[in-house]
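**Student:**
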Amino acid sequence: MSFTEIAKILDEQNAKHVVLLCHHNADPDAVCSAYALSSLIKQFRPQATVQIGAAQSISRLSKHILKSLPIDVETDPSIEKADTIILMDTNTVQQLNNLAEKVKASRAPIIVVDHHAAHPETEKIARLCITDENVSSTCEIVYNFYRHMGVKIGESEAKALFLGIAFDTRHFVLASSSTLKIIAELIDSGVNAQEALAMLSLPMDFSERVARLKACRRAKLFKVGEWIIAISHVSAFQASAARAIIDLGAHVAVVGGQKNDSLEISLRCTNEFHEKTGIHLGRDIAKPLGEYLKGMGGGHATAAGVNGYGELEVGLKKCWKLLKERLSQTKI
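Numbered per this note's numbering, the sequence shown spans residues 80 to 411.
See the structure below:
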């Protein structure tokens with residue numbers, strides 16, 4: 080599937096107000112892919128208003144990037160006016176938090192553009208899902224839209240796509256050969272790689288440092304075969320804390336947090352763990368855990384997240400049970 084499928088729906092709707100929505104705490108891949116796609120839509124439908132929205136907030140790093148790019152992100156987009164809604168880097172409506180009910184109530188067709196497989200519940204309400212788990216990022220999918228349509232990419236859009244890809248590939252550590260070819264093309268189009276990469280370096284604030292240290296101190300360690308699995312909890316920065324625990328030496332890190340009856344659980348693992356066990360954190364652990372917690376979960380093979388409800392201890396115990404069950408099915 081390509082941009083022509085999106086253009087067809089926009090034409091059918093005679094689209095005048097298109098809303099592109101990013102998930103809560105939207106990262107650079109979500110924000111930058113939405114910006115580049117909004118520019119492409121405007122080229123084909125100059126009469127349409129295209130709005131970028133994010134549930135509640137965008138990440139601190141995304142806010143930093145927005146200082147250097149002409150991107151406007153609304154936390155209260157006009158969903159009720161939309162005649163087409165596009166979910167960017169968002170494979171579950173649940174990730175839209177406070178905007179989820181408005182999207183469900185809308186009569187506008189919903190399109191999903193993501194490098195994660197769409198959640199079955201999202202597939203039921205979406206008119207079109209353009210997903211590809213073989214690419215590094217949603218920005219890579221949007222770049223291919225430009226390529227397939229033969230549209231020359233603008234300087235700001237190229238920079239945005241470069242940043243989104245660099246972020247999701249951890250500065251190209253996880254990049255495939257096809258991804259690196261795209262990076263080369265973006266540099267050829269005028270992106271200053273050194274300058275752009277510097278934008279992804281953000282000093283860690285005090286509260287994030289404390290959260291990481293607390294998570295490490297509270298971590299419970301388990302050994303299954305050759306694998307070290309760490310389970311911990313902090314009130315904020317769960318994803319950052321999980322990454323820190325992996326950097327310290329764990330093969331799998333699970334870090335949860337609770338606010339009232341709402342739970343957030345972040346999962347990370349090493350590439351070695353994924354490759355040897357075949358366990359896909361998003362599909363095999365986060366998805367069933369999200370369903371168990373009456374919420375939603377998903378993500379990548381080595382990085383995933385869950386939003387749900389209930390007691391944190393119950394959620395972490397269920398996560399540990401799912402991991403043990405999957406590991407018992409492997410030969411390692």
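For every residue, glycine included, the Cβ atom is placed at its ideal position computed from N, Cα and C.
Do you know how far the Cα of LEU119 is from the Cα of LEU401?
**Tutor:** C-alpha separation (whole angstroms): 42 Å.
**Student:** Does any CB atom of chain B fall closer than 9 Å to the CB of ASN177?
**Tutor:** Within the model displayed, chain B is absent; a lone protein chain is all it includes.
**Student:** Based on the DSSP secondary-structure assignment, which residues constitute the bridge partners of LYS299?
**Tutor:** ILE310.
**Student:** Work out the CA separation of ALA245 and VAL270 for me, nearest whole Å.
**Tutor:** Computed Cα separation, rounded: 12 Å.
**Student:** Return the chain-ordered list of same chain residues with a C-beta closer than 7 Å to the C-beta of ALA380, the five sequence neighbours on each side being excluded.
**Tutor:** Counting only Cβ-Cβ distances below 7 Å, and skipping sequence neighbours, we find HIS353, HIS359, LEU360 and GLY361.
**Student:** For ARG296, does the count of other Cβ atoms within 10 angstroms reach 16, so buried, or fall short, so exposed?
**Tutor:** Label assigned to ARG296: exposed.
**Student:** Over the uninterrupted alpha helix (DSSP H) stretch that includes GLN122, give me the two end residues.
**Tutor:** GLN122 -> alpha helix (DSSP H) spans 107-123.
**Student:** Per the contact definition of three or more C-beta pairs closer than 8 Å, is the region 154-171 in contact with the region 179-196?
**Tutor:** Output reads yes: the region 154-171 touches the region 179-196.
**Student:** Within 10 angstroms of the Cβ of MET283, are there 16 or more other Cβ atoms? Answer buried if so, exposed if not.
**Tutor:** Under this definition MET283 is an exposed residue.
**Student:** If distances are taken between C-alpha atoms only, which option among SER314, VAL214 and ASP326 comes closest to ILE308?
**Tutor:** It is ASP326.
**Student:** When we look at the beta-carbon of LYS366 and count the other beta-carbons within 10 Å, is it buried (16 or more) or exposed?
**Tutor:** LYS366 should be labelled buried.
**Student:** Here's the rule I'm using: 16 or more other beta-carbon atoms within 10 Å means buried, otherwise exposed. How should ILE411 be labelled?
**Tutor:** Low confidence applies here, because ILE411 scores a pLDDT of 49, under 50, leaving its location unreliable; read the following figure in that light. It is exposed - the Cβ of ILE411 has fewer than 16 other Cβ atoms within 10 Å.
**Student:** Looking only at DSSP bridge pairs, what is ASP193 linked to?
**Tutor:** Answer by DSSP bridge pairing, in chain order: THR210.
**Student:** What first and last residue would you give for the alpha helix (DSSP H) that runs through ALA323?
**Tutor:** Its alpha helix (DSSP H) spans residues 317-327.
**Student:** To which residues does DSSP link THR128 through a beta bridge?
**Tutor:** Looking at the DSSP assignment, THR128 forms a beta bridge with HIS96.
**Student:** Whose C-beta lies closer than 6 Å to the C-beta of VAL221 among residues of the same chain, with five residues either side of it excluded?
**Tutor:** For VAL221, where only same-chain residues beyond five positions count, the Cβ hits under 6 Å are SER112, ALA115 and LEU116.
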